[in-house]
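Heads up: the sequence lines are chains W and C, in that order.
Taking this note's numbering, the leading residue of the first sequence gets 7, the next gets one more, and so forth.
Taking this note's numbering, the leading residue of the second sequence gets 220, the next gets one more, and so forth.
Positions of the beta carbon are idealized from the N, C-alpha and C atoms, including for glycine.
Working notes for the structure below.
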Amino acid sequence: MSDLTKLSAVELSSELTKGSVSAVEVTKAHLDRIDSLDKSVQSFLHVDKTGAIKQAEEVDKNRKENKKVSSLAGVPLALKDVLTQKGVPTTCGSKILEGWIPPYDSTVVKKLKSAGIVILGKTNMDEFAMGSSTENSAYFPTKNPWDLTKIPGGSSGGSSAAVSAFFAPLAIGTDTGGSIRQPAAVTGIVGAKPSYGGVSRFGLVAFASSLDQAGPFARTVLDCAMLHEVMAGHDPLDSTSINQPVPDVVSAAKLQDVKGMKIGIIKELGGDGWQTGVLNRFNESVELLKSMGAQVKEISIPHSLYALATYYLIAPSEASSNLARFDGMRYGLRVDDGNLSAEEVMNKTREKGFGKEVKRRIMIGTYALSSGYYDAYYAQAQKVRALIAQDLTNAFKEVDVLISPTSPTTAWGLGERVNNPMAMYLADLATLPPSLAGIPAMSVPIGLADEDKLPVGLQIVAPFMNDDRIYRVGGAIEASLKTKWNGLLIDQAPALGGAK
Amino acid sequence: MSRINREEVANLARLARLDLAESELDEYAQQLEIILESVAKVGEVSTKDVKPMSHATGLVNIFREDVTKESLKREEILRSAPASEDDRFRVPRILDEE
């Protein structure tokens with residue numbers, strides 16, 4: 007059997023179904039690779055060896071007894087450390103939750119477990135999902151497997167690094183303003199943010215509740231779709247969960263045809279300030295879509311120019327409220343010398359437990375929500391948010407999907423933007439408008455930038471609860487580029503640590 | 220025009236329950252100034268008659284039957300508490316001693 011870690015989830019599923027390999031063997035192959043190579047990538051905060059092997063044994067037992075198992079049963083996955091898994095540490099990349107063992111499973115984890123997907127461990131992230139580089143993790147920064155001196159994107163950088171380093175064929179991330187799509191783009195893999203409400207937020211530690219959405223990472227569009235299908239669906243435990251059937255993303259990913267589709271290029275996302283190599287690959291993919299029979303035209307989303315300002319008011323405002331729960335009383339860190347009042351304990355615990363970016367955002371949110379500033383900042387941002395969503399709705403009267411580059415640049419150097427919050431925020435320029443509108447969006451790899459030979463992603467955006475369309479376009483682009491490259495983009499990544 | 224100074228940062232930190240170190244005040248004043256100046260751009264947009272959007276789903280008031288269900292086990296929750304006593308969270312004193 008060839009190296010099991012190089013197989014896609016679909017390929018692993020077929021081997022597992024045939025019985026040519028066991029779930030335990032598949033799991034061990036991935037754990038071994040993590041053991042020998044994650045020292046240099048640092049994508050995991052916690053590897054749950056015992057738990058993973060136990061899950062895999064269960065799957066093998068069920069298969070042996072001819073019990074009905076899902077098609078992904080026995081396929082390993084890396085889980086972002088912002089989703090609770092009963093009995094396994096969940097830190098959100100923060101010192102304030104160090105040592106916390108959740109007493110319950112998030113709905114996403116419950117669904118993964120019942121599908122027999124093996125959870126290898128918890129991946130690194132920017133603290134409370136605030137950041138675009140994973141350098142805001144309170145533990146350590148994660149490296150980009152393409153170039154260990156570069157960032158893996160963020161905030162789901164541990165998950166994107168784990169999949170692109172072949173530590174797992176599947177991973178789960180969360181996306182509030184681009185935290186799945188941008189890491190997927192800069193590590194040369196596929197990542198999707200489902201429609202808001204498409205995947206339950208129960209057990210997802212909240213950052214900005216009106217925007218947070220968990221979604222899949224994989225090395226292929228079809229793998230991503232299969233995981234999407236497992237994760238999604240209505241959940242009574244999340245009152246913002248959509249009670250509608252999950253869009254048929256798997257069939258859409260298999261179509262590989264965009265003939266007759268109307269595709270709009272978002273006019274405002276590109277041009278000055280965008281990396282040339284990113285724009286070159288983007289323009290080529292536009293030509294590719296045309297050659298495949300899609301009708302492509304430019305379309306304006308005028309208010310998208312205000313998305314960055316809108317997002318960096320709304321998300322910190324919601325965060326300042328959500329993160330009030332970390333008070334040192336019920337879980338996590340408590341700083342107390344035994345003589346302090348409850349309020350002093352809160353002040354000291356939060357000061358010590360939160361990192362710089364989290365404190366920055368809590369204070370921005372506190373400012374935007376405080377009396378005297380509320381109308382000019384928070385309330386105004388909510389109105390501009392409505393206008394951005396309206397622009398997108400209008401655009402979808404003319405086209406089926408919208409496209410743009412996923413991020414203005416490829417992966418930048420570790421440390422380059424840590425002292426410049428605004429420069430860091432600019433990485434989200436293109437991913438923010440769909441986030442604010444709550445609509446589904448995906449990043450698919452479209453090549454390497456000429457300047458630095460690092461991956462570039464194409465963002466595909468569809469109307470609310472039409473998630474299947476992003477998979478249709480993503481699958482078609484992937485198929486066409488696969489023929490051209492004789493493989494996936496990720497196959498061009500350099501070997502880690504000299505290993506093949 | 221400066222939107223935010225040392226004193227304003229100290230006030231925000233007090234409201235947000237963050238015991239910031241003196242040395243942090245200047246750094247945050249400078250950074251928050253840059254960020255707030257940038258996000259103030261939302262003020263350029265004419266939003267007359269626009270209804271604020273708080274979330275994307277359009278859902279309102281989701282109800283469920285008021286029935287009791289099994290909840291989490293007390294000992295499992297208290298296991299991760301910073302301090303507990305008699306099946307409860309133990310917290311520092313809340314009222315000042317007069």
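With residue i and residue j assumed to form a contact (beta carbons below 8 Å), what rounded beta-carbon distance in angstroms separates them?
i: W/I272; j: W/S410; result: 4 Å
i: W/A29; j: W/T11; result: 14 Å between Cβ atoms; not a contact.
i: W/A443; j: W/A395; result: 4 Å
i: W/D132; j: W/G160; result: 4 Å
i: W/K128; j: W/P95; result: 7 Å
i: W/D254; j: W/Q219; result: Contact doesn't hold; Cβ gap of about 19 Å is too wide.
i: W/R336; j: W/V351; result: Their Cβ separation, rounded to whole angstroms, is 12 Å, which puts W/R336 and W/V351 out of contact at 8 Å.
i: W/K389; j: C/T276; result: Incorrect: roughly 18 Å between the Cβ atoms, too far for contact.
i: W/P451; j: W/L502; result: With a Cβ gap of about 18 Å, W/P451 and W/L502 do not count as contacting.
i: W/A135; j: W/F213; result: 5 Å
i: W/L332; j: W/G164; result: A small correction: the amino acid at residue 332 of chain W is Phe; Leu does not occupy that position in the sequence shown. The pair is not a contact, with the Cβ atoms about 21 Å apart (cut-off 8 Å).
i: W/L408; j: W/V467; result: 4 Å
i: W/P461; j: W/L435; result: About 18 Å; that fails the 8 Å criterion.
i: C/V286; j: W/Y312; result: Incorrect: roughly 45 Å between the Cβ atoms, too far for contact.
Strictly by DSSP, which residues pair up with residue i?
i: C/R307; result: C/E304
i: W/H52; result: W/K128
i: W/D153; result: W/N150
i: W/I271; result: W/E304 and W/I409
i: W/V196; result: W/A224
i: W/D181; result: W/Q219
i: W/L176; result: W/L83 and W/A224
i: W/L210; result: W/L89
Taking C-beta pairs closer than 9 Å, name the residues in chain C that residue i reaches, listed in chain order.
i: W/E457; result: Neighbours of W/E457 on chain C: none; closest Cβ ~27 Å, over 9 Å.
i: W/H309; result: V264
i: W/Y318; result: I254, S257 and V258
List, in order along the chain, the chain W residues whose C-beta lies closer than 7 Å to that of residue i?
i: C/V269; result: K389, A392 and L393
i: C/A300; result: R336 and Y337
i: C/S257; result: A315 and M428
i: C/L278; result: T246
i: C/R283; result: P242
i: C/E295; result: P109
In chain C, which residues lie with their C-beta within 7 Å of the C-beta of residue i?
i: W/N353; result: R236, L237 and D238
i: W/P427; result: Q250 and I254
i: W/K365; result: L237
i: W/R356; result: R236 and L237
i: W/A5; result: Only positions 7 to 506 of chain W appear in the structure, and residue 5 of chain W is not among them; the question remains open.
i: W/Y312; result: K260, V261 and V264
i: W/Q386; result: V261, G262 and T266
I want to verify the contact list: residues of chain W whose CB lies under 9 Å from the CB of residue i, in sequence order.
i: C/K292; result: P109
i: C/L231; result: I368, M369, I370, T372, Y373 and S376
i: C/R312; result: L346, S347 and A348
Along chain W, in chain order, which residues have C-beta atoms closer than 8 Å to that of residue i?
i: C/V286; result: By Cβ distance, chain W contributes nothing, its closest Cβ being about 12 Å from C/V286, past 8 Å.
i: C/R307; result: Result: empty, since nearest Cβ-Cβ is about 11 Å, beyond 8 Å.
i: C/E289; result: None at all; the shortest Cβ gap to chain W is about 12 Å.
i: C/E226; result: The premise fails here: C/E226 is roughly 13 Å from chain W at the closest Cβ pair, so nothing lies under 8 Å.
At a CB-CB cut-off below 8 Å, which residues of chain C make contact with residue i?
i: W/W280; result: None at all; the shortest Cβ gap to chain C is about 19 Å.
i: W/Y202; result: H274, A275 and T276
i: W/R340; result: P301 and A302
i: W/S216; result: S273, H274 and A275
i: W/W106; result: S299
i: W/S326; result: A235
So is the beta-carbon of residue i under 6 Å away from any non-hydrogen atom of the ligand MN?
i: W/E64; result: With respect to small molecules bound, the structure shown includes none, and the ligand MN cannot be examined in it.
Threshold first: 3 residues or longer. Then list the beta strand (DSSP E) segments lying entirely within the stretch 405-467 of chain W, N to C.
407-411, 447-454 and 461-467
Cβ contact (3+ pairs, closer than 8 Å) linking the stretch 189-201 of chain W and the stretch 161-169 of chain W:
yes
Could I get the ranges of all uninterrupted beta strand (DSSP E) runs contained in the stretch 215-260 of chain W, with 3 residues as the minimum, in chain order?
The beta strand (DSSP E) runs of length 3 or more contained entirely in the stretch 215-260 of chain W are, from start to end of the chain, 219-224.
Run through the stretch 62-150 of chain W for me and flag every whole alpha helix (DSSP H) of 4 or more residues, listed as ranges in chain order.
113-120
Contact between the stretch 278-297 of chain W and the stretch 172-190 of chain W is defined here as three or more beta-carbon pairs at a separation below 8 Å; is this criterion met?
No, the stretch 278-297 of chain W is not in contact with the stretch 172-190 of chain W.
Quick check: the stretch 477-491 of chain W against the stretch 227-238 of chain C, are at least 3 beta-carbon pairs closer than 8 Å?
no
Decide yes or no for the touch test of the stretch 365-382 of chain W against the stretch 235-244 of chain C: beta carbon pairs closer than 8 Å, at least 3 of them.
yes
Is there contact between the stretch 232-244 of chain W and the stretch 203-218 of chain W, where contact requires at least three CB pairs shorter than 8 Å?
yes
If contact is defined by three or more beta carbon pairs under 8 Å, each pair taking one atom from either stretch, is the stretch 405-422 of chain W in contact with the stretch 141-151 of chain W?
yes
If you pair each beta-carbon of the stretch 294-312 of chain C with each one of the stretch 101-118 of chain W, do three or more pairs fall below 8 Å?
yes
Evaluate contact between the stretch 9-28 of chain W and the stretch 75-89 of chain W, counting only Cβ atoms and requiring at least three cross-stretch pairs below 8 Å.
Yes: the two stretches touch, three or more of their Cβ pairs being nearer than 8 Å.
Counting Cβ pairs, one atom from each stretch, are 3 or more of them under 8 Å apart for the stretch 425-445 of chain W and the stretch 460-474 of chain W?
The answer is yes - the stretch 460-474 of chain W touches the stretch 425-445 of chain W, with three or more Cβ pairs under 8 Å.
Just list the alpha helix (DSSP H) runs in the stretch 368-409 of chain W, keeping only unbroken ones of 4 residues or longer that don't cross its boundaries, in chain order.
386-401
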